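Residue numbers (this note's numbering), protein chains in the order written: chain H, 2 to 343; chain P, 948 to 1213.
Just so it is clear, CB atoms sit at the ideal spot from N, CA and C, and this is done for glycine as well.
Bear in mind the structure is a predicted one, so any value in this text is a computation, not a measurement.
Shown next, in structure tokens, is the structure this report addresses.
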């Protein structure tokens, strides 16, 4: 089994620092997502792991073996790219077979592996089509089958869903997750899409300016962000001033404890779903915008000069419209908050 | 508007057609030049002059030399430029602008300067090189560079060569395997375009051959036209047709693969 350790990686492009003291461990069989805005270094980290870029400092080990200076073809990795990367002159089956031939697999073994992979990725009926005859989703599934063909130690996914339309993206995302679990391959998935990262990963690492800001399971990342950046990048957050109240804090007229705090922080990170909105003609707050999202309704409320975003259950919501007077409060089930910055 | 467009197209058509018709009448009508009036448009057409040229041994020699030069120039162009363009695209895309500028240089230096410079260098070191007609091949490769390099470069870009290269690298392929098994089969269109352009340039090139005193099809034609103006004109038209035919075949080959010359970067 292959545990990946990237430690103390530094990479500069000219005067731009792409990664500085970047350290990441991926447990054997784990799926880790690197999430961050463009230019945060997530793709560079993946390309260094793939061997496409050489780190200026630091080491990369896989399964205890130092591969920092091992060239890409000898790493035995599989990779799916954002752009369609199937060889246009080969059918789906031939693309998968090409990977196996390069690993010197015998022809009987090749056929077994191909049939199994086409089955796993649901491609059997499309196997003999050329890439230009396939849909985007089919192409990426062939790319996934091809990446898994040589039984790689590590699977690298570089925004594999970004070129697809929304519906295909969701179903392929689930499929990647299922196949990855089934095969148990250690996987690094790079994306800028937080929903994708939260939905698919065992752990999500949020990156900013060449550093790993925080790496945690999706729920912990969402509920216990370490920094204002993580809180703001993962999900939507309201920054609401909090006043000291003994050893507790006062937020939106409720006394709550702080589950997490940064030194000197007085701004609470409140998620839209933690805010309740009561329709009240005598209220001090004003509805600015109402967006119906099906089960939820998203309200933008003017609260003492600042703007708050609240997601309320449509079924519980009183049906205020733009300009109505309301009163915002913390939901009753919120008893701990996260303080993020001063 | 439609009327204006039609008139414009007719004028444009005449602009190309009238000189061609005049050339054809001069070349293929066995009527004295002063009598080539509109009334005699259909009289005395014959290709016997042209057939006579085809039998001329000097013509045959020059044609064979030109065809050999064409094949050699295409082979050398592909062998040198394809790996070069692929390496630039894959390993050092930041050099692309520089390469585009460098490949234009042969057209900035006039053939006279190029030939004089090269001749001065080689005459003293390897005199046999300039004696052979094949010494023209490197000149032609250089001369075609602005077109052939661009065609290959555009081909590499249109297939996303960099991603294909990286995908094959991860699978364990060597650079040679990638070029032969992945890049070449997918950029046949660009290879055809580069070859057709090189062929057309070689078949029409006069300055280098004349300056180096080689007998190729164009230098033979220039000479021949002086002694036999009408048969010379017939030959010129025939070569023009042949070149158009080669380009036409190239375009058809591309169409069969679902490409047009534009997609191949021309």
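Exercise for review: Could I get the ranges of all uninterrupted alpha helix (DSSP H) runs contained in the segment 25 to 107 of chain H, with 4 residues as the minimum, in chain order?
Suggested key: 43 to 51, 93 to 103
Exercise for review: Using only alpha-carbon positions, find the residue among P/1188, P/1086, P/969 that is nearest to residue 1023 of chain P.
Suggested key: By 1-based counting over the second chain, the position of residue 1023 of chain P is 76. Considering only alpha carbons, the answer is P/1086.
Review point. Who are the near neighbours of residue 1082 of chain P in its chain, counting only those whose CB is closer than 6 Å to its CB and skipping five residues on each side?
Key: The residue you call residue 1082 of chain P lines up with position 135 of the second chain. Same-chain partners within the cutoff: 1076.
Exercise for review: Output, in chain order, the set of chain H residues within a Cβ distance shorter than 7 Å of residue 1116 of chain P.
Suggested key: Position 169 of the second chain, counted from the start, is the residue given in the question as residue 1116 of chain P. The contacting residues are 73, 74.
Practice item. Determine which residues of the segment 122 to 149 of chain H have a Cβ less than 7 Å from any Cβ of chain P, and write them out in chain order. Key: none
Exercise for review: Indicate whether residue 294 of chain H and residue 311 of chain H have their beta-carbon atoms separated by less than 8 Å.
Suggested key: By 1-based counting over the first chain, the position of residue 294 of chain H is 293. By 1-based counting over the first chain, the position of residue 311 of chain H is 310. Result no, Cβ atoms of residue 294 of chain H and residue 311 of chain H do not sit closer than 8 Å.
Exercise for review: Would you mind telling me which residues of chain P sit closer than 7 Å to residue 103 of chain H, beta carbon to beta carbon, in chain order?
Suggested key: Your numbering for residue 103 of chain H matches position 102 in the first chain. The answer, in chain order, is 1118, 1119, 1120.
Review point. Around the Cβ of residue 127 of chain H, are there at least 16 other Cβ atoms within 10 angstroms (buried) or fewer (exposed)?
Key: Numbered from 1 along the first chain, position 126 holds the residue referred to as residue 127 of chain H. So residue 127 of chain H counts as buried.
**Study point:** residue 50 of chain H vs residue 181 of chain H beta-carbon contact at 8 Å
**Key:** Within the first chain, the letter at position 49 stands for residue 50 of chain H. Within the first chain, the letter at position 180 stands for residue 181 of chain H. Taking 8 Å as the Cβ cut-off, residue 50 of chain H and residue 181 of chain H do not qualify as a contacting pair.
Review point. Is the CB-CB distance between residue 84 of chain H and residue 164 of chain H below 8 Å?
Key: The sequence position of residue 84 of chain H within the first chain is 83, counting from 1. The sequence position of residue 164 of chain H within the first chain is 163, counting from 1. Yes, the Cβ-Cβ distance between residue 84 of chain H and residue 164 of chain H is below 8 Å.
Practice item. Could you list which residues in chain H have their beta carbon closer than 7 Å to that of residue 1106 of chain P, in chain order? Key: Counted from its first residue, the second chain places residue 1106 of chain P at position 159. Result: 89.
Review point. Which value, in whole angstroms, describes the spacing of the CA atoms of residue 340 of chain H and residue 248 of chain H?
Key: Within the first chain, the letter at position 339 stands for residue 340 of chain H. Within the first chain, the letter at position 247 stands for residue 248 of chain H. Using only the alpha carbons, I get a separation of about 13 Å.
Review point. Taking the alpha carbon of residue 174 of chain H as the point to measure from, which residue in H/195, H/154, H/273 has its own alpha carbon closest?
Key: As a working note, residue 174 of chain H is residue 173 in the first chain. Measuring from the Cα of residue 174 of chain H, the nearest candidate turns out to be H/195.
Exercise for review: Can you tell me the Cβ-Cβ gap for residue 96 of chain H and residue 155 of chain H, rounded? I've got them flagged as a contact below 8 Å.
Suggested key: One-based indexing of the first chain puts residue 96 of chain H at position 95. One-based indexing of the first chain puts residue 155 of chain H at position 154. Rounded, the Cβ-Cβ distance is 20 Å, inconsistent with contact.
Check your understanding: Using the C-alpha atoms, what's the distance from residue 1199 of chain P back to residue 1097 of chain P?
Key -> Working through the second chain from its first residue, we reach residue 1097 of chain P at position 150. Working through the second chain from its first residue, we reach residue 1199 of chain P at position 252. Looking at the two C-alpha atoms, the distance is approximately 20 Å.
Check your understanding: When you compare each of H/285, H/246, H/202, H/316 to residue 28 of chain H by their alpha carbons, which one comes out closest?
Key -> Translated into positions along the first chain, residue 28 of chain H becomes position 27. Cα-wise, what sits closest to residue 28 of chain H is H/202.
Check your understanding: Mind pulling the alpha helix (DSSP H) runs of 4 or more residues that sit fully within the segment 1088 to 1150 of chain P?
Key -> 1108 to 1117
Review point. So is residue 53 of chain H in contact with chain P if we call contact Cβ pairs under 8 Å?
Key: Translated into the one-based positions of the first chain, residue 53 of chain H becomes position 52. Yes, because at least one Cβ of chain P sits closer than 8 Å to the Cβ of residue 53 of chain H.
**Study point:** Alpha carbon of residue 289 of chain H to alpha carbon of residue 261 of chain H, nearest angstrom
**Key:** In the first chain, residue 289 of chain H corresponds to position 288, counting from 1. In the first chain, residue 261 of chain H corresponds to position 260, counting from 1. Answer to the nearest angstrom: the Cα atoms are 31 Å apart.
Review point. Should the segment 1153 to 1173 of chain P be regarded as contacting the segment 1061 to 1073 of chain P, the criterion being three or more beta carbon pairs within less than 8 Å?
Key: yes
Check your understanding: Closer than 9 Å, Cβ to any Cβ of chain P: which residues of the segment 175 to 205 of chain H, in chain order?
Key -> none
Exercise for review: Would you check if there are 3 or more beta carbon pairs closer than 8 Å linking the segment 204 to 221 of chain H to the segment 239 to 253 of chain H?
Suggested key: no
Check your understanding: Can you give the beta carbon distance from residue 35 of chain H to residue 189 of chain H, rounded, assuming they're within the 8 Å contact cut?
Key -> Here residue 35 of chain H corresponds to residue number 34 of the first chain, with the count starting at 1. Here residue 189 of chain H corresponds to residue number 188 of the first chain, with the count starting at 1. So it is a contact: roughly 7 Å between Cβ atoms.
Review point. Which of helix, strand or coil does DSSP assign to residue 1161 of chain P?
Key: On the second chain, position 214 is the one that residue 1161 of chain P refers to. Coil.
Check your understanding: What residues from chain H crowd round residue 1110 of chain P, counting only those whose CB sits closer than 9 Å?
Key -> Mapped onto the second chain, residue 1110 of chain P falls at position 163. Those are 82, 83, 84, 85, 86, listed as they occur along chain H.
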